[in-house]
Amino acid sequence: MNPPWSAGNGSGPGGPAEPIVLERVSKWYRRRDRRAMLAMSLYRRLTGALTPGFWALSDVSLAVRAGEALGIVGPNGAGKTTLLKVIAGITHPTSGRVAVRAHVSTHLGVGSGFQQYLTGRDNVFLQGSILGLTNRQIASRFDAIVALAGIETAVDQPLWTYSAGMTTRLGFAVAAHVDFDVLVLDEALSVGDRAFNERCAAVLQGFRAAQRTLILVSHSLATVRALCDRVLWLDRGGVRALGAADEILRAYEAARPRGDPAARVPGS
Amino acid sequence: MSRASDLAVPAAGGAARRIGRRDVANVRDLFLNLVHADLTSRFHSTALGALWFVLGPTLTTLILVVVFQHVVRLGIPDYPLFVLCAVLPWSFYQAAVQNALASLTRSPALVKRVLIPRAVLPLSAVAASLVHFALSLLVLLGVMLALGRTPSAAVALFPVALGLQLLSLTGLALAGAALNVFYRDVGHVVPVLLRLAFYLTPSFYPLAYVPARWRDLYLLNPMAGVVELYRQALLTGGWPSPRLLAITFGASAAVLAAGIVVFRRCDPYLEDHL
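Following this line, the structure appears as C-alpha cells:
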C-alpha cells in the first residue's frame with residue numbers, strides 16, 4: 000500500500016490545499032471506573048445500557064490549510080488534546096469523518112518512548128524509530144539531534160541521570176529531526192532554558208519557511224500569537240470560534256474570567 | 000451519533016489508511032530497538048542479571064527430579080535431561096507471555112501519545128524472551144556435553160518444535176496483551192492457566208503414559224506436541240507421528256489466528272481504555 004503522502008497524493012508544497020479535513024467529528028470517552036467490572040459491562044452489553052462517559056469532542060468540523068499555522072486554544076477539558084489525537088490517528092472518532100492527505104506527525108508531546116535505564120544514545124534510536132525513522136536515518140541525523148539537545152557530554156549516560164530539562168530537550172530534538180508535512184505540537188515549547196527556546200523557535204521558523212503546516216496547542220497565548228495565522232477556540236468539546244489569530248485571541252482573552260488558573264499555568 | 004462499544008468496528012476514518020504511514024524498514028527497526036530496550040533494561044538492578052533465566056528452570060528441574068526420581072521413582076532414564084526438555088520451553092513460554100501481557104499496560108505513553116503499529120509491543124516482548132531461551136539452551140547443551148551425549152539426527156526436529164511453539168505463543172501474546180488493557184484480570188489469570196497447562200503436557204512423564212483414547216484430545220493443547228518434539232529432538236531421538244504433527248499444527252495455528260483477530264478488534268479502542 001502506498002503511504003498517503005507519496006507522490007501524487009500530496010506532500011508539502013504542491014500537495015492538497017486542505018491536507019486535513021474533519022467533518023462533524025465527535026468523540027465519546029467512557030468515564031474511567033477504578034475497576035473494570037466484567038459482570039457490569041456484560042450486563043450493559045446485554046441490555047444496551049449506556050456506559051457513563053462524556054463527549055470529549057462534539058460535532059467538530061475543520062479544514063486545515065496547507066502551509067498554515069493553526070493554533071488551538073481553550074480551557075482545560077475543552078478537547079484540545081483529543082482533537083490532536085484524532086488528527087494524529089492515535090484515537091478514532093466515535094462518529095464523523097477524518098480525511099488526512101499528508102504525512103502528519105504521529106506524536107503528542109515528546110519523548111513518549113523514553114526509557115530510564117537506556118542511555119541517551121539508545122533512547123534517540125528508540126524514539127526515532129517510534130516516530131517513523133529507520134536506524135540508518137537516525138544514525139545520519141544523530142550528531143545534529145545531540146547538538147540541538149545540547150547533551151553531548153551525557154549521551155552515553157543512562158537517561159535516569161538526566162535532568163528533566165535535558166530529557167525534554169532530547170525529546171524535542173528527536174522530534175525536530177523527523178520529516179513531516181504537518182507537525183502537531185501539544186505544549187512542547189514551554190520547557191527548556193532560553194538558549195534552547197531560541198533554537199526551538201529557529202527550528203519552527205525553518206519549518207514554516209518550508210511551507211509546512213503546523214498545528215499548535217498552547218496555553219501560552221503569546222506563543223500562539225507569535226506563530227499562528229489562524230486560531231481555533233474550543234469550548235467543552237465544540238468549536239466556539241475559528242478565524243484570524245488576532246481576532247479570535249482578542250475574543251478569547253475578553254471572555255476569559257480574570258484569574259482563570261488555566262490561563263496562568265502553561266502546560267497544566 | 001452512537002457511542003463506541005468495546006469491540007465494535009471503528010467509525011469511518013479508521014486505521015487502515017494509516018498503516019501505510021510506515022515502511023517496512025522502520026517497523027523492523029522499531030521492533031529491533033524495542034527488543035534491545037527490553038533486553039538492556041530488564042536486569043538493571045539485579046545482582047545476578049540474566050543468570051535468572053537459567054536459575055529458574057534449574058530449580059524447577061531439581062524439584063521435579065527429586066520428586067519423581069527419588070520419591071515417586073518413575074524410573075525414566077536420563078530423568079534430569081528428560082525434565083529439562085520440557086521445563087526450558089515452558090519457562091520461555093511463561094516468561095514471554097508474562098512479558099507480553101504487560102507490554103501495552105506498562106507503556107501507556109506508547110499507546111496514548113504516539114501512533115505506532117501497536118502489535119510490535121507484544122511481539123518484541125516475545126522476541127526478547129526468545130533471546131533468553133537461546134541462552135538457557137546453551138546451558139542445556141553444556142549439561143548434555145558434560146554427560147557425554149551427542150544429539151541424534153532427530154535434532155532436525157528442533158526448528159519444527161520452536162516454530163510450532165512460536166505460533167501459539169504469538170497468538171496468546173497478542174490476545175493477552177490487548178485484553179489485559181480492558182480487564183487487568185487477564186494478566187493474573189493467564190499465568191495461572193499456563194501453570195496448569197504445564198501438567199497437561201508430557202512434562203515430567205512421557206507421552207506414552209497418556210491413554211491412547213485420550214491422546215488426540217490431549218494433543219489439542221498446543222504445547223503437548225511441542226514438548227514431545229523438543230524431547231525427541233534433544234534427547235530420545237525418534238520421529239513424531241504425522242497425526243501428532245497435524246493436530247499440534249492445527250491447534251497452534253488456531254491460537255495464532257484467534258490472537259490476531261482479537262488484537263485487531265481491540266486495537267482501535269486501546270487508547271480509550273488505557
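Protein chains in written order, with numbering that gives the first Met the number 0: chain H, 0 to 267; chain W, 0 to 273.
Built from N, CA and C at the ideal position, the CB exists for glycine as well.
Keep in mind that this is a model prediction, so the values were computed, not measured.
Residue 229/H carries a strand assignment under DSSP once its states are collapsed to helix, strand and coil.
According to the DSSP assignment, residue 94/H belongs to the beta strand (DSSP E) that extends over 94–99. Identification of residues in the stretch 104–127 of chain W having a C-beta nearer than 9 Å to some C-beta of chain H yields 106, 108, 109, 110, 111, 112, 113, 114, 115, given in sequence order. Contact with chain W is found for residue 28/H, since one of that chain's Cβ atoms lies less than 9 Å from the residue's Cβ. In this structure, residue 173/H and residue 220/H do not form a Cβ contact; the two beta carbons are roughly 28 Å apart against a cut-off of 8 Å. Taking a Cβ-Cβ cut-off of 7 Å, the neighbours of residue 21/W in chain H comprise 131, given in sequence order. DSSP, read as helix, strand or coil, puts residue 19/H in strand. Taking 9 Å as the upper bound on Cβ-Cβ separation, chain W lies near residues 84, 85, 87, 88, 89, 90, 91, 92 of the stretch 78–92 of chain H.
Nearest CB-CB separation between residue 32/W and chain H: below the 9 Å threshold.
In summary, residue 69/W is exposed, with fewer than 16 beta-carbon neighbours lying within 10 Å of its beta-carbon over all protein chains present. Within chain H, the residues 128, 131, 132, 133 have their CB atoms less than 7 Å from the CB of residue 25/W, given in chain order.
Taken in chain order, the whole alpha helix (DSSP H) runs of length 4 or more contained in the stretch 147–194 of chain W are 156–181.
Any Cβ of chain W closer than 9 Å to the Cβ of residue 111/H would place that residue at the interface, and such an atom is present. Within the stretch 107–149 of chain W, the complete alpha helix (DSSP H) runs of at least 4 residues fall at 107–111, 119–145. In the three-state reduction of the DSSP assignment, residue 142/H falls in the helix class, which pools H, G and I.
For residue 223/H against residue 70/H, the beta-carbon gap comes to about 4 Å, under 8 Å, which counts as contact. Residue burial annotation: residue 42/H is exposed, with fewer than 16 other C-beta atoms found within 10 angstroms of its C-beta. At a cut-off of 9 Å, the C-beta of residue 227/W has no neighbouring C-beta in chain H.
What residue 271/W touches in chain H, judged by beta-carbon distance under 8 Å, is 28, 29, 90, going in chain order. Rounded to the nearest whole angstrom, the CA to CA distance from residue 268/W to residue 90/H is 8 Å. Assignment of residue 150/H by DSSP, reduced to helix, strand and coil, places it in the coil class.
In the structure shown, residue 58/H adopts extended strand secondary structure according to DSSP, grouped into three states. Contact between the stretch 162–178 of chain W and the stretch 57–73 of chain W is absent: fewer than three C-beta pairs spanning the two stretches fall below 8 Å. Residue contact check for residue 77/W against chain H: no CB pair falls below 9 Å. Interface with chain H (9 Å Cβ-Cβ cutoff): residue 39/W is included.
Any Cβ of chain H closer than 9 Å to the Cβ of residue 215/W would place that residue at the interface, and such an atom is absent.
Contact between residue 85/W and residue 154/W fails: their C-beta atoms lie close to 17 Å from each other, not under 8 Å.
With contact defined as three or more Cβ pairs closer than 8 Å, the stretch 115–125 of chain H and the stretch 35–43 of chain W are in contact.
The C-beta of residue 233/W comes no closer than 9 Å to any C-beta of chain H. Burial check for residue 56/W: the Cβ neighbour count within 10 Å reaches 16 or more, so the residue is buried.
According to the DSSP assignment, residue 68/H belongs to the beta strand (DSSP E) that extends over 68–72. The beta carbon of residue 134/W sits no closer than 9 Å to any beta carbon of chain H.
The bridge partners DSSP lists for residue 26/H are 56/H.
Annotated as proximal: residue 122/W and residue 172/W, with beta-carbon spacing under 9 Å. Relative to the Cα of residue 22/W, the nearest Cα in the group 62/H, 66/H, 134/H belongs to 134/H.
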